[in-house]
Amino acid sequence: CARRLLQHGVDAVVFDTGKRGPGGRASSRTWRGHVVDHAAQFVTATDPEFAAAMQRCGAARRWGHDGRFGMLYNRVFHPVEDSAERWIGQAGFSSIADALAKDLDIRQDVWVPPSNGVRYENGGWGVVVPGDGGRRSTARFDAVVIAHNGKCAERLTSGTPAREVHALLRANFAAHLPRSPAPGSGRFTLNSVYSLVFEVPVGILPAEFEGAFVETEPCLRWLSSNTAKFGHGRAARDVEAWTVLSSSAFGKQHKAPQEFLEGTPKEAEVTQLLLQGVERALGLEAGVLASSVTATKLQLWGAALPINRWESKDAVDFVWSSAHAIGIAGDWLTTVPERASTVEAAWLSGVRLADHVAQRSGEDAGIGLGEDGGRFVP
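Under this note's numbering, think of the first position of the sequence shown as 73, with each following residue one higher.
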């Protein structure tokens, strides 16, 4: 969104909470010398403009067409053979995020207070940010875009007069949607997912695949070898790093305060359960993986993936309130069901919102929750 705004001649500043760099759920980290994707694992390009952006950024490579991406079903790996255009970062997902963020005005490690941190004043917006000497200051802007979700996004807009925008940012957290929502009702709903990165000696886990969706183990959804994807990096050659992502049902069942997870009994419990799930999914002898693991890193993505999407009456991929000059971009704002909850959907949402702001900022778009308006759909 910020880059497209600049292309239109509109100055943009991005406030990002990430300590190491931009990306959020679309980022990676270096852990014990390994490059590891600990959230998003790959992107699928179905839109020509997004595919061109992946090609042009210089930090992504095609992936998943050599028989080493697929599904684990009944302890057997089944390669996926299709024509989908998949990409991964050349050096982890952060390499893509960093390339897309190059030369933008991004203020890193900035936490805008959820309570009254965004204020509508005198026809413009004030954003509370860190100032000199540890004090906070207020930066002034003509418009604001919320490219965030969950309770923080809901609270950021709760004290503003843009009620039509706040209504769409109210969030639920669940593994499943209600079966029969009332007409005109519904709420943006996110699941929670545990990410476990673990290091294990080479040879304990199979070498036949790089990444697989797990179909028949209830606590798991994804398993991949970061070492197979990115090489050993600075890590020792006799160990490899893997990432396992839990199912949303498991994430909900074992959800805990994510900021205070490290060193707790819950961290130990969840780690053990996920390693046991990997053993079952691969048909390994019970305990063989847990006894071989040399290190683990557990993280809870409390606001992981949207499990519904906003289908606006005017069929746009973003939200814009002309009365208050505030918009929303995100992976849950898409007119294409198959694209929902993807990096591509988030990118397209931001680009199309930027086009609207630059060209038709006096027109509302995507708003209106109610029986005569848009709706949240699976």
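Using N, Cα and C, we set each Cβ at its ideal position, and we do this for glycine too.
Notebook entry, point to check: Buried or exposed: which applies to Arg-309, given that a residue is buried once 16 or more other Cβ atoms fall within 10 Å of its Cβ?
Noted result: Classification for Arg-309: exposed.
Open item on the list: Going by the DSSP bridge assignment, what does Gln-330 pair with across the sheet?
Closed with: Answer by DSSP bridge pairing: none, since Gln-330 is not bridged.
Segment contact, 8 Å Cβ cut-off, at least three pairs: the region 206–226 with the region 236–250: The region 206–226 is in contact with the region 236–250.
Practice task
Whole angstroms is fine: what's the gap from Gln-162's alpha carbon to Ser-267's?
Solution key: 21 Å
**Rounded Cβ spacing between Leu-144 and Leu-295 (contact assumed at less than 8 Å)** = Yes, Leu-144 and Leu-295 are in contact; Cβ-Cβ is about 7 Å, under 8 Å.
**Prompt:** Just the Cα atoms here: how many angstroms apart are Asp-427 and Ala-234?
**Reply:** 21 Å
(message) On the DSSP bridge list, what partners appear for Ala-367?
(response) Partner(s): Glu-271.
Considering only the beta carbon of each residue, do Ser-421 and Phe-390 sit closer than 8 Å? yes
- prompt: What does a CB cutoff of less than 7 Å around Val-41 pick up in its chain, not counting 5 residues either side in sequence?
  reply: Beyond the ends of the chain as shown, which are 73 and 450, falls residue 41; an answer cannot be given.
| task | Consult DSSP for Gln-113 and reduce its assignment to one of helix, strand or coil. | result | coil
key: Proximity of Gly-438 and Val-365 at Cβ, strictly below 8 Å   = Not a contact, by the Cβ cut-off of 8 Å.
Arg-259 (DSSP reduced to helix, strand or coil)
coil
ask   = Is DSSP giving Phe-390 helix, strand or coil here?
value = coil
Can you list, in chain order, the residues of its chain with a C-beta nearer than 8 Å to that of Phe-453? Leave out the 5 residues immediately preceding and following it.
This structure cannot speak to residue 453, because the chain is shown only from 73 to 450.
- Query: Curious, which full-length beta strand (DSSP E) runs of at least 3 residues does the region 142–186 contain?
  - Reply: 148–151, 157–161
Here's a check: name, in chain order, each residue in its chain whose Cβ is nearer than 6 Å to the Cβ of Ala-412, leaving out the five neighbours to either side.
Arg-381, Thr-406
Could you check what DSSP says for His-248 in three-state terms: helix, strand or coil? coil
- DSSP puts Ser-296 in a beta bridge; with which residues? Ser-296 is bridged to Gly-283, Thr-315.
Item checked: Within 8 Å, strictly: CB atoms of Ala-173 and Pro-94 -> yes
Does the distance from the CB of Ala-98 to the CB of Val-86 come in under 8 Å?
no
Which value, in whole angstroms, describes the spacing of the CA atoms of Gly-440 and Ser-384?
7 Å
Expressed to the nearest angstrom, what Euclidean distance is found between the alpha-carbon atoms of Asp-386 and Val-237? 15 Å
Practice task
Answer with buried or exposed for Asn-188, where buried requires no fewer than 16 other C-beta atoms within 10 angstroms of its C-beta.
Solution key: By the neighbour-count rule (16 or more Cβ atoms within 10 Å), Asn-188 is not buried but exposed.
Going straight from the alpha carbon of Asp-204 to that of Val-182, what length do you get?
Asp-204 and Val-182: Cα-Cα distance of roughly 13 Å.
- prompt: Looking only at its own chain, which residues have a Cβ that is under 8 Å from the Cβ of Lys-324, when we skip the five neighbours before and after it?
  reply: Phe-245, Ala-246, Ala-247, Asn-263, Ser-264
**Asked** Ordered along the chain, which non-local residues of its own chain (more than five positions away) have a Cβ less than 7 Å from that of Ser-209?
**Response** So the list reads Val-201, Gly-203, once near-sequence residues are dropped.
Report the three-state DSSP secondary structure of Leu-277 (helix, strand or coil).
The answer is coil: DSSP assigns Leu-277 none of H, G, I, E or B.
Measuring only the C-alpha atoms, how far is Ile-178 from Gly-105?
27 Å
Return helix, strand or coil for Ala-481, following the three-state DSSP convention. Residue coverage of the chain in this structure runs from 73 to 450, which leaves residue 481 outside it and unanswerable.
Q. Quick one, which of Thr-232, Trp-135, Ala-430, Phe-114 has its alpha-carbon nearest Thr-315's?
A. Phe-114
Quiz item: Which of the three DSSP states, helix, strand or coil, is assigned to Ala-74?
Solution: helix
Checklist entry - Under 8 Å, do Phe-122 and Trp-419 count as touching if we go by C-beta distance? => result yes
### Task
Output the distance between the C-alpha atoms of Val-108 and Ala-313, rounded to the nearest integer angstrom.
7 Å
request  = Go ahead and pull the three-state DSSP assignment for Ile-99.
outcome  = Reading off the sequence, residue 99 comes out as Ser, not Ile. Coil, per DSSP.
**OP:** Could you check what DSSP says for Arg-432 in three-state terms: helix, strand or coil?
**Re:** helix
**OP:** List the whole-angstrom C-beta distance separating Pro-290 from Ser-319, where the pair is believed to meet the contact cut-off of C-beta under 8 Å.
**Re:** 6 Å
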